[in-house]
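Peer 1: All the letters of the sequence shown, read from the start, carry residue numbers 686 to 932 under our numbering.
From the three backbone atoms N, C-alpha and C, an ideal C-beta is built for every residue, glycine too.
Owing to the predicted nature of the structure, the values given are computational and were not obtained by experimental measurement.
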Amino acid sequence: MPFNDGDIVLVEYSLFVKETNELVDTTNENVAKLHGKYSEDEVYEPEVVVVGEGRFIPGVEEAIKNAEVGKEYEVEIPPEKGYGERDPSKVKVFPRRVFVKNNIIPEIGKEVKINNMTGRIIAVGGGRVTVDFNHPLAGKTLLFKFKVLKKIEDLIEKVKYLIKRRAKRVQLDEIKVEHDPQEGKVTVELPEEMRLADGVQLLKFLAARDITKLVPEIKVVVFVERYSREDFGGGASSERGEQEKTA
Numbered sequence: 686m687p688f689n690d691g692d693i694v695l696v697e698y699s700l701f702v703k704e705t706n707e708l709v710d711t712t713n714e715n716v717a718k719l720h721g722k723y724s725e726d727e728v729y730e731p732e733v734v735v736v737g738e739g740r741f742i743p744g745v746e747e748a749i750k751n752a753e754v755g756k757e758y759e760v761e762i763p764p765e766k767g768y769g770e771r772d773p774s775k776v777k778v779f780p781r782r783v784f785v786k787n788n789i790i791p792e793i794g795k796e797v798k799i800n801n802m803t804g805r806i807i808a809v810g811g812g813r814v815t816v817d818f819n820h821p822l823a824g825k826t827l828l829f830k831f832k833v834l835k836k837i838e839d840l841i842e843k844v845k846y847l848i849k850r851r852a853k854r855v856q857l858d859e860i861k862v863e864h865d866p867q868e869g870k871v872t873v874e875l876p877e878e879m880r881l882a883d884g885v886q887l888l889k890f891l892a893a894r895d896i897t898k899l900v901p902e903i904k905v906v907v908f909v910e911r912y913s914r915e916d917f918g919g920g921a922s923s924e925r926g927e928q929e930k931t932a
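#1: What is the DSSP secondary structure of K832, reduced to helix, strand or coil?
#2: Determine whether the beta carbon atoms of L754 and K835 lie at a separation below 9 Å.
#3: V871: which of D883, E902 and R854 sits nearest, CA to CA?
#4: For the beta strand (DSSP E) containing I841, name the first residue and the last one.
#5: Compare the beta carbon distance of P780 and R805 with 9 Å and say whether it is the shorter of the two.
#6: Who are the Cβ neighbours of V873 in its own chain at under 6 Å, not counting the five residues just before and after it?
#7: Please list the terminal residues of the continuous beta strand (DSSP E) segment that includes E878.
#8: Taking 9 Å as the CB-CB limit, is E714 close to chain D?
#9: Among the candidates E842, L695 and E732, whose CA atom is the shortest distance from the CA of V900?
#10: Give the C-beta separation of K766 and I742 to the nearest angstrom, bearing in mind that I take them to be a contact with Cβ-Cβ under 8 Å.
#11: Assign E927 to one of three DSSP states: helix, strand, or coil.
#12: Are the region 693 to 700 and the region 726 to 733 touching by the rule of at least three beta carbon pairs closer than 8 Å?
#13: Closer than 8 Å by C-beta to V855: which residues in its own chain qualify, once you throw out the five before and the five after it? Chain order, please.
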C-alpha cells in the first residue's frame with residue numbers, strides 16, 4: 686500500500702547512472718567503498734525521508750511513495766524524472782580574460798560560478814573557455830536501488846528522527862525527548878557536545894519547524910541546554926542551571 690504525503694520512513698538506497706554504473710549516492714558504506722566513492726567525512730546510514738516533501742528528484746520521490754516496507758526495489762528513472770534533459774543553450778563560451786580577471790585558472794572539469802550560475806568547464810583553447818551550465822546528471826537515466834526499512838509511527842521516534850536528519854552525527858539514543866500531551870509539547874535535550882556546535886541554532890530552528898509541521902500532536906518544541914558545575918571547572922560560585930528556548 687502506497688505511503689501518504691507526510692509519512693516518515695527510513696530508507697536505505699544506492700543511486701547509479703544506468704549507462705556507466707557510476708555511483709551517484711548511497712547510504713551504504715560498503716557500496717561507497719566498492720565503487721571508489723567512500724569519504725571519511727560522510728555518514729553512511731539509512732536516510733530519513735518525509736514522503737512527498739520534495740527533497741529528492743521526482744523519480745526517487747515517486748518510487749519511495751509507492752513502495753512497501755521490507756521489499757527491495759530497482760527502479761529506472763528517466764531524465765525527465767531525474768535531473769532533466771540536457772539543454773544545449775546552457776553551454777556557453779566566454780573569453781579567457783573573464784576567468785583571469787577573477788583569478789581563476791581555467792581547467793577542464795573545474796566548477797566555476799559566472800553571473801550567479803554554476804557550471805563546469807568542458808573546453809579551453811584559442812583564448813576561449815566553454816562552460817556547461819547543465820546539471821552533471823542532466824540527460825542521464827538513473828538506476829535507483831532501495832528498500833524502505835520501516836515507517837516511523839511512534840511520536841517520540843518521529844521527533845528523534847526529524848532531529849537526527851539535521852544532525853547526522855548524533856546517535857538516536859543521544860537525543861532525549863519528553864512529551865507532554867496535555868500541552869502538546871516536547872522537550873528536547875541534545876548531547877553536550879552539540880551545545881556550542883557550529884550552526885546548532887539553525888539546526889534547532891529547522892528541526893522545530895519540521896516537528897511542528899509533520900507531527901500534528903506537537904504545537905511547541907522546547908530545547909534544553911543543561912550545565913553543571915563541572916562544566917565551569919567546579920568553582921564554588923558555579924551553579925547548576927538550565928536554559929530553555931522555545932521554538
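Peer 2: To lay it out plainly:
#1: Taking the sequence shown and counting its residues from 1, one reaches residue 832 at position 147. Correct three-state label for K832: strand.
#2: Along the sequence shown, read from residue 1 onward, the residue named residue 754 stands at position 69. Along the sequence shown, read from residue 1 onward, the residue named residue 835 stands at position 150. Strictly speaking, residue 754 in this sequence is Val, with Leu absent from that position. Their beta carbons are under 9 Å apart, which means V754 touches K835 by this criterion.
#3: Within the sequence shown, numbered from 1, the residue matching residue 871 stands at position 186. Among D883, E902 and R854, the Cα nearest to that of V871 is on E902.
#4: In the sequence shown, residue 841 corresponds to position 156, counting from 1. First-last for I841: L840 to K849, but that is the alpha helix (DSSP H), not the beta strand (DSSP E).
#5: For the purposes of this step, residue 780 is taken as residue 95 along the sequence shown, with counting starting at 1. For the purposes of this step, residue 805 is taken as residue 120 along the sequence shown, with counting starting at 1. No, these two residues do not count as a Cβ contact at 9 Å.
#6: To locate residue 873, count along the sequence shown from 1; it is residue 188. These residues qualify, in order along the chain: V862 and F908.
#7: The residue labelled residue 878 in the question sits at position 193 within the sequence shown. Counting along the chain, E878 falls outside any beta strand (DSSP E), and DSSP gives it neither H nor E.
#8: This model lacks chain D altogether, as it is built from one protein chain only.
#9: If you number the sequence shown from 1, residue 900 lands on position 215. It is E842 whose Cα lies nearest to the Cα of V900.
#10: Translated into positions along the sequence shown, residue 766 becomes position 81. Translated into positions along the sequence shown, residue 742 becomes position 57. So it is a contact: roughly 7 Å between Cβ atoms.
#11: For the purposes of this step, residue 927 is taken as the residue at position 242 of the sequence shown. Unreliable positioning characterises E927 in this predicted model, as indicated by a pLDDT of 49, which lies under 50. A coordinate reading is not provided.
#12: yes
#13: To locate residue 855, count along the sequence shown from 1; it is residue 170. Cβ neighbours of V855 beyond the five flanking positions: I848, K849, L875, P876 and M879.
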